[in-house]
Structure formats: structure tokens, C-alpha cells
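Protein chains: 2
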Amino acid sequence: MSVEAVGIDQIKWDTNGLIVAVVQDAATRQVLTVAYMNAQSLQMTLSLGETVFWSRSRQALWHKGETSGNNQRVIQVSVDCDADALLIEVEPAGPACHTGETSCFHRILREESSRD
Amino acid sequence: MSVEAVGIDQIKWDTNGLIVAVVQDAATRQVLTVAYMNAQSLQMTLSLGETVFWSRSRQALWHKGETSGNNQRVIQVSVDCDADALLIEVEPAGPACHTGETSCFHRILREESSRD
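Protein chains in written order, with my numbering: chain A, 308 to 423; chain B, 308 to 423.
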């Protein structure tokens, strides 16, 4: 198991200054959410020890759980091999999804088109 | 546990016609890779039962394991609550990362800048 470390200056931000972040429950290993971070939200995530994202729809910082109380305590942050994706392992205080589901990935994809 | 299903026509492709896909080992629940799919690669993934991505760097279809043999058999595909991210649970035939590591997320982020 590699223990190589990567400095924050090596992150490859996209053309909008963002990086995709996969949030995983450190205990159950369930994938909870895919969200985005800019440099400021990543710095806040690291200093607070809780996830802070950049909301692309609201174009604003989004401290997860700030209103719901369902914040996510950060256990570890990993960077992928080409430094353009983050894996954030967390201890969640409650559901990750705004629907109340534990994970945002609570729907199965089916091949045929929807009728509803 | 919800068993709601989502049709492929409900996917929200980004402005480049892509969707981000998180690949997770279905057995160990390790997050292996973050990659991207366009409509064609997603259709191929579903029909082949193996992951096929869209390589943004090469601007080409990328059937994972085609040259390395390390393909990923698809167990389940989930869609997130706003239909702009996929979670692909797989049974991998070998390492996901081109470095030979099991996962592309084999490096820890450290807050300070790198010296190397």
C-alpha cells in the first residue's frame, strides 16, 4: 500500500477552477455524494475538518450540514493519479442526500427510457 | 432502501455531453477511479457489461482493460439525485490504475505545497 503524499499545489483544477470530489463514508465505504470544490472550499474543508463544497448551481460555498446539521467530518482526503479528482472519506452526522436518503446514489439506472 | 429506477433518457449530460462516473469495487467497496462517459460509452457499458469510458485527453472511447486485460465487469449502475453523476459498481479483473495500484486514489493530500 502506497503512502505517497501530494501537495495541494499539485491539484489540476478544471477550466472553472473546480475539482470533482467523491464523498465516501469511511466506516461503511458507501459512496455518498459527488460534488465539486474550488481552492477556497478545499482549504476550508481541510481547516474545518468538515466538507465544504462549491455549489455550481448556486455559485456559492456550501458547507455541508450548515442548515441540516448533517455535516461530514473529514477522515482522509486522497488524490487520484492524474490529480483531477478527490476522494473524501468522512464520518457523516446524517443523510448525505437532500431527499433524506443516506446516499445521493439511491436510484438504479435502467437501460430503457422512462415513462414517468 | 429505495429501489427507484431511472431511465437513461433522464441523465443530465454536461455541456460536453459527458457525465462523471465513480467506479467502485462491488466486493471491497474501494473507490477505484473517477472517469467520464458520453452517451455512446454508457450504452456500450450497459450492452457489454464492462466499463467503457470517454477519454477526455484522447477524445476517444476507452474500453477499460482492452489492452491491459484489467477490465471491469459491471454489477450495478446507480444515478445520483440530480442525475449528473453515476456510480458504477464493478468486479475488476486487475488493478484500476495505470500505475499498477489497485485504485487511482493511492495518494494522500497534504495541506502544504510539494517540494518535489
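Note that beta-carbon positions come from the ideal geometry of N, C-alpha and C, so glycine has one too.
Assign residue i to one of three DSSP states: helix, strand, or coil.
i: B/T322; result: coil
i: A/Q366; result: coil
i: B/D332; result: strand
i: B/I415; result: strand
i: A/S375; result: coil
i: B/A400; result: coil
i: B/T491; result: Nothing in the structure corresponds to residue 491 of chain B, since chain B is present only between 308 and 423.
i: A/A390; result: coil
i: B/Q383; result: strand
i: B/D423; result: Legend: pLDDT at B/D423 = 48, less than 50; position of this residue unreliable, value from coordinates given subsequently. Coil, per DSSP.
Confirm, please, whether the CB-CB distance from residue j to residue i is below 8 angstroms.
i: A/V386; j: B/V341; result: no
i: B/G314; j: B/A346; result: no
i: B/F360; j: B/S348; result: yes
i: B/L368; j: A/E418; result: no
i: B/G356; j: B/N377; result: no
i: A/T358; j: A/I318; result: no
i: A/F412; j: A/V338; result: yes
i: B/A312; j: A/I415; result: yes
i: B/R336; j: A/R336; result: yes
Among the candidates the options, whose CA atom is the shortest distance from the CA of residue i?
i: B/I382; options: B/V397, B/A312, B/G324; result: B/V397
i: B/S410; options: A/E408, A/T335, A/Q366, A/A392; result: A/A392
i: B/M351; options: B/H413, B/H370, B/I415, B/Q337; result: B/H370
i: A/S362; options: A/E373, A/Y343, A/Q379, A/G372; result: A/Y343
i: B/R380; options: B/P399, B/W320, B/A403; result: B/P399
i: A/D321; options: A/T406, A/E408, A/D389; result: A/D389
Any beta carbon from chain A within less than 8 angstroms of residue i's own beta carbon?
i: B/F412; result: yes
i: B/E418; result: yes
With a cut-off of 8 angstroms, does the C-beta of residue i fall near any C-beta of chain B?
i: A/E311; result: yes
i: A/E357; result: no
i: A/G407; result: no
Would you please verify whether the beta carbon of residue i is less than 8 angstroms from any beta carbon of chain E?
i: B/Q383; result: Here the protein chains are A and B, and chain E is not one of them.
Query raised in the report: When you check each C-beta in the stretch 393-405 of chain A against every C-beta of chain B, which residues fall closer than 8 angstroms?
Result: L393, L394, C404, H405
Query raised in the report: Listed in chain order, which residues of the stretch 362-390 of chain A have Cβ atoms closer than 7 angstroms to some Cβ of chain B?
Result: Q383, V384, S385, V386, D387, C388
Report task. Please list the residues of the stretch 344-355 of chain A that have a C-beta atom closer than 9 angstroms to any C-beta atom in chain B, keeping them in chain order. Result -> L349, Q350, L353, S354
Requested in this report: Below 7 angstroms between beta carbons is the criterion; list the residues of the stretch 315-340 of chain B that meet it against any residue of chain A, in chain order.
Outcome: I315, D316, Q317, V327, V329, Q331, R336, V338
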